[in-house]
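FYI, the numbering for the sequence shown is 1 to 278, going by full-length UniProt numbering.
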Amino acid sequence: MFTDANADKIVFLNFVSYFDSVLNVSAIVSKFTSSTEDCQFLCMTTLNCLSVNVAIGSDLSEGRHLCQLLNTTKNSKRDDDFKPSDTFHHFTTIVSPCFSQPCQRGGTCHQDYGMETFTCQCVHGREGKLCEIGTGWSKVNINGSVCFGVRDDSYGNVTVQVTGKVITAKLVHVSGSVANSRAADGGNWGNPRSRQIRTVITSDANEVLLPHNYTAYEPYTLEGYASMSPELVFPNASEPASVPRGMGFRIWFVEDLGNYSEQDNSGESCVDMFLFYV
1 MFTDANADKI VFLNFVSYFD SVLNVSAIVS KFTSSTEDCQ FLCMTTLNCL
51 SVNVAIGSDL SEGRHLCQLL NTTKNSKRDD DFKPSDTFHH FTTIVSPCFS
101 QPCQRGGTCH QDYGMETFTC QCVHGREGKL CEIGTGWSKV NINGSVCFGV
151 RDDSYGNVTV QVTGKVITAK LVHVSGSVAN SRAADGGNWG NPRSRQIRTV
201 ITSDANEVLL PHNYTAYEPY TLEGYASMSP ELVFPNASEP ASVPRGMGFR
251 IWFVEDLGNY SEQDNSGESC VDMFLFYV
């Protein structure tokens, strides 16, 4: 695997083997390596490398094989560039079909044998080849819980994974606590001895989205919930909202968002965020 510098993703590669064959093009890098696997690893960590030629015989003095890194594959060159060979084996990379993250709504992509196809393991309540069938709650932060603090702009960031229509959201407490005073005990969403909640969800431009019609940076009440509730389920919107993949949300402690009376705040709370797709 290697990191795609442009997409900031991990790319998983495999190599198709063509023994006793060579792709007869100019190499971008030629080095001696101790094995075929070392040559392939060198390709995976070299920008623009798509295939390799590995010498069959080793250098007698070093016991190492000539490794040629190529910026093309046999499929993108003329047939007469790919030839039988007594001195080389050729290996062409295949990018995993899971690289594009095809499985929707929190589904997990599993690459099938041969690297050419994939299957999706869907979360409960979803089905279909890409987990595209079904509605309901879908976890947004798929790579671990999201933590938010209480001062100095220490909000939590969440990025939407699936495009769709969303009617509401919920936060599920995982660990930690927050309070608006160092002397106060911490709660999941605010001071534990109060029914008032001090946690909100905003856009990445800090526009408050939940709770609805929230206009002041003040604690609020939510029917059926309090500061120590294990989760906060916000009321449904009047109409579903279109939510594109890549859209950002922020989770804030209200005093931190409003930048007031925050210096004596304390704690950090970690949560999971879910969207309800319809």
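For each residue, glycine too, the CB sits at the ideal point set by N, CA and C.
Query: Quick one: what does DSSP say F2 is sitting in, helix, strand or coil?; Result: Confidence in F2 is poor, its pLDDT being 40 and thus under 50, which makes the residue's placement too unreliable to answer from.
Query: For E255, count neighbouring C-beta atoms within 10 Å of its own C-beta (all shown protein chains included) and say buried if the count is 16 or more, exposed if not.; Result: buried
Query: Hey, out of Q161, V172, V278, S203, whose CA is closest to P244's CA?; Result: Q161
Query: Alpha carbon to alpha carbon, how far is D272 from D80? Give it in angstroms, no decimals.; Result: 56 Å
Query: Are the CB atoms of I251 and G156 within a distance shorter than 7 Å?; Result: yes
Query: Going by the C-beta, is N141 closer than 6 Å to any heavy atom of the ligand SAH?; Result: Looking for the ligand SAH in the displayed structure turns up nothing, as the structure carries no ligands at all.
Query: Please name the residue in D204, L209, Q196 whose C-alpha comes closest to that of E218.; Result: Q196
Query: Tell me K165's beta-bridge partners as DSSP assigns them.; Result: S242
Query: Compare the beta carbon distance of T168 and F91 with 7 Å and say whether it is the shorter of the two.; Result: no
Query: From the DSSP output, in three-state form, read off F234 for me.; Result: coil
Query: Hey, C270 and V174 are a contact pair by Cβ (cut 8 Å); roughly how many whole angstroms apart?; Result: 5 Å
Query: Out of curiosity, what's the CA-to-CA distance linking L210 and K74?; Result: 54 Å
Query: Using the three-state DSSP reduction, which class does G258 fall into: helix, strand or coil?; Result: helix
Query: What's the gap between the Cα of F249 and the Cα of H212?; Result: 15 Å
Query: Please report the distance separating the alpha-carbon of L69 from that of N141.; Result: 38 Å
Query: How about the segment 45 to 54 and the segment 21 to 35: do they share at least three Cβ pairs that are nearer than 8 Å?; Result: yes
Query: Do the CB positions of V208 and T199 come within less than 7 Å of each other?; Result: no
Query: What does a CB cutoff of less than 7 Å around S242 pick up in its chain, not counting 5 residues either side in sequence?; Result: K165
Query: From this set, H110, V278, Y18, E268, which residue's C-alpha is nearest D152's C-alpha?; Result: E268
Query: Should G128 be flagged as near chain D, meaning a C-beta pair shorter than 7 Å?; Result: The structure shown contains no chain D; it holds only a single protein chain.
Query: Might you give, ordered along the chain, the residues of its own chain that have their beta carbon closer than 6 Å to the beta carbon of V278, omitting 5 neighbours on each side?; Result: T135, K165, I167, P240
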